[in-house]
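The structure appears below as structure tokens.
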Amino acid sequence: MPEATAYDHVIYPNYPYRQSHPDRLSTLAFLMGMDPAPVARCRVLELGCGNGANLLPMACDWPESSFVGIDLAQQPIAQGQALIEELGLSNIELLSLDVLAFPESMGSFDYIIAHGLYSWVPDAVREQIMVLCARHLTPQGVAFISYNTYPGCHVRNIVRDMLRYHVHNAPDATTKISQSRALLKFMAEAQPEGDEYGQMLRKELERVLTHAPEHLFHDDLSEHNHPVYFHQFEQHARTHGLRFLSEAEYFMMQPDQFPEQTIQQLAGLGDNVIAQQQYLDFLRCRRFRQSLLCRADVAVDHQVQPQRLTEAFCTFSGKGSGEVAHPASNETMTFTGDHQSHVTTNHPLAKAALMLLAASWPQAVAYSDILDGALKLLGRNEEAEDRQQLLDILLGCYGRGLINTHWQPPRLVNCPGPTPMANPLARSQAATGGPLTSQLHLTVFIKDPLVRRAIELLDGSRSAGELTAQLQQEAQEMHS
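Numbering (numbering that gives the first Met the number 0), first residue to last: 0 to 479.
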């Protein structure tokens, strides 16, 4: 059994990572011309899985798929194993295992996830991550690897080096964390107003203060934190017979935020996707990537063709300004989504499609239903150019991060049945007081104890009336 690690002594907060979900990975692979395994019947491996917070919701939602997670730390694995036993899951296995000792007998996987691992391990382990991906990915498999990048991490490393020097004699993790925060505060407050160096330090202080102390300890104070340039990461993958497929956040591959002249200069690189991505990192001073890899012999089209969206589903969690207006009017509307993304348009079909998707949230809507619903909102029949126009609209919105696409959308219920039931994992999480995982693979923080209790009671044995009566009784007892 592996020896206790720093992650046993200071438990790293584990959450679901939506961008690593097979729904996201399979969708991007499909849109770029691959034939990935469906989410409902796939095999997933996560390296550095912690307590399984990322894999457990997948295993609950997709019982016909199988999941394996490994982590060197024993305590998080034990926590995850206890929850697996509590939930009675038979399609997931968590193992306390060194990446360097991963057995070939584990077989092949359709999706391999390595989130927060590549940059934070010794060289030999980083090498082994690529070896495992090359050895264990199925022919149409996809690997997700996140890592720190230059040039952005040059700024981060300035602060990291100061912090590590300041705490190198600190006796324990708690002292290192508190002294690191104190030094950053001291440095930031010592700088004159308007000073560029001071602005950088204050921004780093803000970043540190918004993260859990465990993040600071493991991410910034860790012995191992090795950023790379994107082209170096891609070269490393290529030496192992792998190739760059996409970023997990597709919109981050697009140059739309820059002036037209910049976009045209990047376009001058032609089909050299690697160079385009590297120059985008230079332009953004990027410090973190979440890249998808596939086998080098797989045919990939990095330019998503609009026609592929006819087999996809779309979601839009944002809203539009001026939604009371009829979409057929010439009035301009601005639609705002995640990642500060927005689109301003007076195109009737675009307005109708986005209004329909916003009203349908969180359900994913198939392309044909978007077209039918948008035309119904416009009060007219289909015209010859509508289908291609809608595809171009959806692809444009996807490229800006305004909408999400799904090949096999999450299974959701909008209306409760006579005896409503929440996901067993969410009920367990509600009972223990930690963050909950939604059906969209997102972290949900609920502080209200009565709301948490309501979720805990949603086990399918109570009607809405019985649930209300019990909550009222417990609320009275809570305040008596």
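Even glycine gets a Cβ: it sits at the ideal position worked out from N, Cα and C.
{"Query": "Express the C-alpha separation of Gln74 and Leu136 in angstroms, rounding to a whole number.", "Result": "28 Å"}
{"Query": "Would you say the beta carbon of Ala298 is closer than 7 Å to some non-hydrogen atom of the ligand ATP?", "Result": "Looking for the ligand ATP in the displayed structure turns up nothing, as the structure carries no ligands at all."}
{"Query": "With distance defined between alpha-carbon atoms, name the residue in Glu84, Pro15, Trp61 nearest to Gly51.", "Result": "Pro15"}
{"Query": "Tell me, please, whether the CB atom of Ser95 is closer than 8 Å to any CB atom in chain B?", "Result": "The structure shown has no chain B; it contains just one protein chain."}
{"Query": "Please report how far the alpha carbon of Glu127 lies from the alpha carbon of Phe101, in whole angstroms.", "Result": "Note that residue 127 corresponds to Gln in the displayed sequence, not to Glu. Their backbone Cα atoms lie some 9 Å apart in a straight line."}
{"Query": "Does DSSP put His405 in a helix, a strand or coil?", "Result": "strand"}
{"Query": "Along the chain, where does the beta strand (DSSP E) containing Thr137 start, and where does it finish?", "Result": "136-147"}
{"Query": "For Pro191, which residues of its own chain have a beta-carbon under 8 Å away from its beta-carbon, when the five flanking residues on both sides are left out?", "Result": "Gly197"}
{"Query": "Closer than 6 Å by C-beta to Ala513: which residues in its own chain qualify, once you throw out the five before and the five after it? Chain order, please.", "Result": "An answer regarding residue 513 cannot be provided, because it is not within the stretch 0 to 479 covered by the chain."}
{"Query": "Could you please give me the residues that DSSP links to Thr436 through a beta bridge?", "Result": "Thr442"}
{"Query": "Out of Leu241, Leu44, Gly49, which has the shortest C-alpha to C-alpha gap to His8?", "Result": "Gly49"}
{"Query": "Report buried or exposed for Thr436, applying the criterion of at least 16 other Cβ atoms within 10 angstroms of its Cβ.", "Result": "buried"}
{"Query": "Taking the straight line between their C-alpha atoms, what separation do you get for Trp360 and Glu310?", "Result": "19 Å"}
{"Query": "Since I believe His325 is in contact with Phe334 (beta carbons under 8 Å), could you give me their beta-carbon distance rounded to a whole number of angstroms?", "Result": "Going by Cβ atoms, the distance from Phe334 to His325 rounds to 16 Å, so no, they are not a contact pair."}
{"Query": "Mind checking whether Gln407 and Val38 have CB atoms under 8 Å apart?", "Result": "yes"}
{"Query": "With distances taken Cα to Cα, identify the nearest neighbour of Ala463 among Gly106, Glu63, Phe29, Cys414.", "Result": "Cys414"}
{"Query": "For Val141 versus Cys293, is the C-beta spacing smaller than 8 Å?", "Result": "yes"}
{"Query": "Please report the distance separating the alpha-carbon of Pro254 from that of Asp280.", "Result": "10 Å"}
{"Query": "With burial defined as no fewer than 16 other Cβ atoms inside 10 Å of the residue's Cβ, what is the status of Met332: buried or exposed?", "Result": "buried"}
{"Query": "Excluding the 5 residues preceding and the 5 following Leu24 in the sequence, name in chain order all residues of the same chain whose CB lies nearer than 8 Å to its CB.", "Result": "Pro35, Tyr110, Val141, Phe143, Ala247, Leu291"}
{"Query": "Let me confirm a value: Pro417 is counted as buried when at least 16 other C-beta atoms fall within 10 Å, else exposed. Which label applies?", "Result": "exposed"}
{"Query": "Pull up the distance between the alpha-carbon of Glu203 and that of Ala383, whole angstroms please.", "Result": "53 Å"}
{"Query": "In whole angstroms, what separates the C-alpha of Asp160 from that of Ser145?", "Result": "22 Å"}
{"Query": "Once you ignore the five residues that flank Phe229 on each side, which residues in its own chain have a CB closer than 7 Å to its CB?", "Result": "Thr148, Gln276, Gln277, Asp280, Arg288"}
{"Query": "Go through its chain and collect everything with a Cβ distance to Gly240's Cβ below 7 Å, but skip five positions before and after it.", "Result": "Ala133, Arg294, Ala295"}
{"Query": "How many Å lie between Val450 and Gln264 at the Cα?", "Result": "53 Å"}
{"Query": "In the structure shown, what three-state DSSP assignment does Arg294 receive?", "Result": "strand"}
{"Query": "Whole-angstrom Cβ separation of Arg426 and Glu465, contact assumed at under 8 Å?", "Result": "About 16 Å separates the two Cβ atoms, so there is no contact after all."}
{"Query": "If I measure Cβ to Cβ from Gln80 and keep anything under 6 Å in the same chain, skipping five residues before and after, which residues do I get?", "Result": "Leu93"}
{"Query": "By how many angstroms is the C-alpha of Asn422 removed from the C-alpha of Leu389?", "Result": "35 Å"}
{"Query": "Looking at the strands, I want to know which residues DSSP matches up with Thr309.", "Result": "Its beta-bridge partners do not exist; DSSP assigns none."}
{"Query": "Assign Ser89 to buried or exposed, taking buried as 16 or more other Cβ atoms, counted over all protein chains shown, within 10 Å of its Cβ.", "Result": "exposed"}
{"Query": "Go to Tyr117, then tell me how far its alpha helix (DSSP H) extends in each direction, as first and last residue.", "Result": "No alpha helix (DSSP H) holds Tyr117; DSSP gives it neither H nor E."}
{"Query": "Consult DSSP for Ala77 and reduce its assignment to one of helix, strand or coil.", "Result": "helix"}
{"Query": "Pop quiz: Asp371 and Pro305 are said to be a contact at Cβ under 8 Å. What is the actual Cβ separation, rounded to whole angstroms?", "Result": "The pair is not a contact, with the Cβ atoms about 18 Å apart (cut-off 8 Å)."}
{"Query": "Looking at Asp70 and Ser95, is the spacing between their C-beta atoms short of 8 Å?", "Result": "yes"}
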